[in-house]
């Protein structure tokens, strides 16, 4: 089995779970921004061919275990490693109207559609499995007929999902930094839409912006 060259393999993901699924193709999926009070939710998807695997970046691990600098430094290498990748989004309006679980499925389906379009024939001809981080299948009927396997801590244990987590995190963070130029009062460049103390203070002083998830602010603004 191919593994990255590292002296600290116990803290790194592997292909063990992917290789146990009796599939040729695996699509690792992970979400970013689920718990934010502002901004889109993002879902990353990475397609790999288990019969044609090359070394992945030795620093690759769950995006939450990497510093922003480390995530950014390996982004291009991670993006080039898999067979295909994409990050899908669900808007604040969609989150408000449909709820977060449905919006995760919507964002995931958008990413899934993009990466499978150019590999439709191969994926149709060979067993393909989606790995979703967590214990909830939020794709449901949007899985395009592929088998879905949920796994708690897949972002820590599975290379494909760790890759998806890094690509989604860096992509969404970049978007939030860009939005901070328009919505400069809320410190989005640093908090990325999460409910930091400074973010909450700004909300109470200035009120919410068009990119805030209003239904998530009821308790915060009432305090």
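Residue numbers (my numbering): -16 to 206. Glycine included, every Cβ here is placed at the ideal spot set by N, Cα and C.
Residue i to residue j span [Cα, whole Å]
i: residue 133; j: residue 160; result: 31 Å
i: residue 64; j: residue 167; result: 35 Å
i: residue 192; j: residue 101; result: 38 Å
i: residue 150; j: residue 189; result: 32 Å
i: residue 92; j: residue 116; result: 15 Å
i: residue 177; j: residue 15; result: 11 Å
i: residue 0; j: residue 202; result: 40 Å
i: residue 109; j: residue 6; result: 7 Å
i: residue 182; j: residue 157; result: 18 Å
i: residue 125; j: residue 103; result: 16 Å
i: residue 38; j: residue 97; result: 24 Å
i: residue 52; j: residue 175; result: 15 Å
i: residue 170; j: residue 197; result: 18 Å
Which residues DSSP lists as bridging residue i, in chain order
i: residue 73; result: 24
i: residue 132; result: 114
i: residue -3; result: 141
i: residue 195; result: 21
Residue i vs residue j beta-carbon contact at 9 Å
i: residue 248; j: residue 17; result: No statement about residue 248 is possible, as the shown extent of the chain runs from -16 to 206 and does not include it.
i: residue 20; j: residue 195; result: yes
i: residue 208; j: residue -3; result: Examination of residue 208 is not possible in this model, given that the chain is present from -16 through 206 alone.
i: residue 4; j: residue 135; result: no
i: residue 95; j: residue 28; result: yes
i: residue 68; j: residue 147; result: yes
Rounded distance between the beta-carbons of residue j and residue i, thought under 8 Å
i: residue 23; j: residue 75; result: 7 Å
i: residue 111; j: residue 8; result: 4 Å
Contact test: residue i Cβ vs the ligand FAD heavy atom, cutoff 8 Å
i: residue 138; result: Among the components of this structure there are no ligands whatsoever, and the ligand FAD is therefore not found.
- Whole alpha helix (DSSP H) elements within the stretch 2 to 67, 4-residue minimum: Secondary structure in the stretch 2 to 67: the alpha helix (DSSP H) runs of 4 residues or longer, each lying completely within the stretch, are 51 to 64 in chain order.
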